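Here's the structure we're looking at; comments come further down.
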Amino acid sequence: MTTDMGGVTEQPSADPVDRAVSRRHMLRLGAGVAGGGTLLGAAAAGGMLVGWLPGGVKLKKVLGLTGKDGTVPDVAPGAVHVERVRSAARSRVVTMVTMLPPGTAASTKLPVCVMLHGRGNDAQGMVTLGTPQFLAAAVKGGMPPFAVVAVDGGDATYWHQRSPGDGDDPQAMLREELPGWLHARQLPTPRAAMGISMGGSGALQYAIGRTQSGRNLDAVALLSPGVFRTWADARVTGGYADEADWQAHEPTLRLDRMQAGALGVWCGQEDPFCPAAREVARQARAREARFPDGEHTEGFWRRVMPDAMSLLGHTLATT
10 MTTDMGGVTE QPSADPVDRA VSRRHMLRLG AGVAGGGTLL GAAAAGGMLV GWLPGGVKLK
70 KVLGLTGKDG TVPDVAPGAV HVERVRSAAR SRVVTMVTML PPGTAASTKL PVCVMLHGRG
130 NDAQGMVTLG TPQFLAAAVK GGMPPFAVVA VDGGDATYWH QRSPGDGDDP QAMLREELPG
190 WLHARQLPTP RAAMGISMGG SGALQYAIGR TQSGRNLDAV ALLSPGVFRT WADARVTGGY
250 ADEADWQAHE PTLRLDRMQA GALGVWCGQE DPFCPAAREV ARQARAREAR FPDGEHTEGF
310 WRRVMPDAMS LLGHTLATT
């Protein structure tokens with residue numbers, strides 16, 4: 010059964026671990042948790058599991074009901090090039106990682122997706138995550154090939170310039186420098202973006218900027234996007250200088266300024282970013298929106314990465 014979210018089709022997971030559990034089954038689990046207690050106690054425990062009452066996330070973790078971790082495919086990856094390049098926009102040398110499908114050389118005809126990492130991570134972390142293997146597995150399974158390029162965006166920048174004149178502007182790097190770096194390596198300007206956690210905010214900001222420049226992205230994939238519905242939520246991250254900085258750069262406040270060929274959003278129900286991710290999917294009318302059981306972890310991102318790769322590859326091949 011699918012759920013219509015105002016133009017967004019929310020698909021149920023095909024994984025049995027991620028399927029919605031019936032109320033009757035939840036009550037049975039609640040009865041087991043209650044250890045033979047009263048019916049009221051059993052119902053309360055079951056209610057916590059399905060989200061009727063507070064404390065459901067902790068209980069689901071204890072019972073192992075937050076979904077299984079994904080694994081890196083056991084396939085040989087394509088070429089992975091790790092380079093250090095000087096970014097004037099960020100006032101430092103950054104790492105750029107180019108990941109190609111197996112048997113494919115760099116070409117101006119090979120579509121490019123820029124991959125933006127999360128907080129506390131970097132471009133090489135996207136290799137550790139298994140991106141080259143996921144790309145290889147997808148192409149081996151029949152997906153049209155494309156290249157993935159990751160660059161360093163900073164530890165807690167939320168992919169934006171926190172203060173004017175501070176010399177660190179990740180979005181300017183993406184817009185103004187990355188195309189030239191790619192062209193020098195026989196690759197075209199990115200037509201897609203994938204963002205994980207903090208990188209999800211960066212991918213949306215990048216997509217909005219591309220629309221404003223008259224060059225819409227063809228596809229955007231968001232995995233547990235680190236976006237915020239209120240300043241109270243955002244301020245605790247330390248990713249913004251102040252409320253004015255958040256209001257100036259928070260992508261959820263300007264989704265009406267973004268146009269993209271296809272948007273996909275994946276976020277676990279036990280992830281604190283899930284309510285905001287659902288709102289992004291609704292407002293931006295995501296082509297694919299999935300919110301199975303899952304937490305804000307690499308295990309979840311590896312679980313949904315094949316779906317993200319599929320959305321990106323097939324959209325890039327048809328646009």
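Each residue of the sequence shown is one higher than the one before, counting from 10 in my numbering. In this text, a Cβ means the ideal position worked out from N, Cα and C, and glycines have one as well. Predicted model, so just to flag it, every value in this text is computed and none were measured.
Buried versus exposed, by CB contacts within 10 Å (16 or more), residue i
{"i": "K67", "result": "exposed"}
{"i": "D13", "result": "Unreliable placement is indicated for D13, whose pLDDT of 40 sits below 50; no coordinate value is reported for it."}
{"i": "V289", "result": "buried"}
{"i": "T239", "result": "exposed"}
{"i": "S96", "result": "buried"}
{"i": "P173", "result": "exposed"}
{"i": "E92", "result": "exposed"}
{"i": "R101", "result": "exposed"}
{"i": "R311", "result": "buried"}
{"i": "K118", "result": "exposed"}
Neighbourhood of residue i by C-beta, 7 Å cutoff - its chain only, sequence neighbours within 5 removed
{"i": "Q268", "result": "T220, N225"}
{"i": "H169", "result": "P179, Q180, Q214, H258"}
{"i": "A98", "result": "D178, A181, M182, E185, E186"}
{"i": "M152", "result": "M318, S319, G322, H323"}
{"i": "A212", "result": "L125, A202, M203, G204, V229, L231"}
{"i": "G308", "result": "D78, G79"}
{"i": "A295", "result": "V17, L272, G273, V274"}
{"i": "R287", "result": "F300"}
{"i": "P260", "result": "S210, L213, Q214, I217, V236"}
{"i": "T328", "result": "D227, G270"}
{"i": "E304", "result": "T75, G277, E279, D280"}
{"i": "V245", "result": "none"}
Of the listed residues the options, nearest to residue i (C-alpha basis)
{"i": "G204", "options": "A97, L74, A293, C122", "result": "C122"}
{"i": "K77", "options": "M318, V313, T324, A317", "result": "V313"}
{"i": "H258", "options": "L109, V229, F282, Q214", "result": "Q214"}
{"i": "V103", "options": "S172, D83, W190, T80", "result": "W190"}
{"i": "D83", "options": "A317, G139, R296", "result": "G139"}
{"i": "L264", "options": "F237, E279, A253, H323", "result": "F237"}
{"i": "A193", "options": "V94, T75, S222, D227", "result": "V94"}
{"i": "F282", "options": "T306, G174, E297", "result": "T306"}
{"i": "N130", "options": "T117, A165, P120, S116", "result": "A165"}
{"i": "V71", "options": "E279, T327, R311, A286", "result": "E279"}
{"i": "A285", "options": "P120, A216, R200, G235", "result": "G235"}
{"i": "G223", "options": "D242, R200, A241, L74", "result": "R200"}
{"i": "G218", "options": "R266, D316, E92", "result": "R266"}
{"i": "P315", "options": "R244, K118, D254, G150", "result": "G150"}
{"i": "V81", "options": "K69, K118, F143", "result": "F143"}
Assumed close pair residue i, residue j - CB separation to whole angstroms, cut-off 8 Å
{"i": "A156", "j": "L196", "result": "6 Å"}
{"i": "P86", "j": "A145", "result": "5 Å"}
{"i": "L125", "j": "G162", "result": "6 Å"}
{"i": "S319", "j": "G277", "result": "Between G277 and S319 the Cβ distance is about 19 Å, and since that is not below 8 Å, they are no contact."}
{"i": "A293", "j": "L272", "result": "5 Å"}
{"i": "R171", "j": "A230", "result": "The pair is not a contact, with the Cβ atoms about 26 Å apart (cut-off 8 Å)."}
{"i": "L74", "j": "D302", "result": "6 Å"}
{"i": "A243", "j": "W255", "result": "5 Å"}
Contacting residues, own chain, Cβ-Cβ under 6 Å from residue i (five flanking each side not counted)
{"i": "Y167", "result": "M207, S210, G248"}
{"i": "G127", "result": "I205, S206, M207, G208"}
{"i": "P154", "result": "P110, T113, V148"}
{"i": "W275", "result": "L232, R299, V313"}
{"i": "P188", "result": "T198"}
{"i": "P120", "result": "F155, R200, L325"}
{"i": "G134", "result": "H126"}
{"i": "A115", "result": "R194, Q195, L196"}
{"i": "E252", "result": "W240"}
Residues near residue i in its chain [Cβ-Cβ closer than 8 Å; skip 5 each side]
{"i": "V89", "result": "V106, T107, M108, L109, V136, P141"}
To test your reading of the DSSP string, which unbroken beta strand (DSSP E) runs of 3 or more residues are found completely within the segment 145 to 206? 156 to 160, 201 to 205
For the segment 248 to 272, which segments carrying the beta strand (DSSP E) assignment without a break, of at least 3 residues, lie completely within its bounds, in sequence order? none
What ranges does the beta strand (DSSP E) occupy inside the segment 91 to 133, keeping only unbroken runs of at least 3 residues that lie completely in it? 101 to 108, 121 to 125
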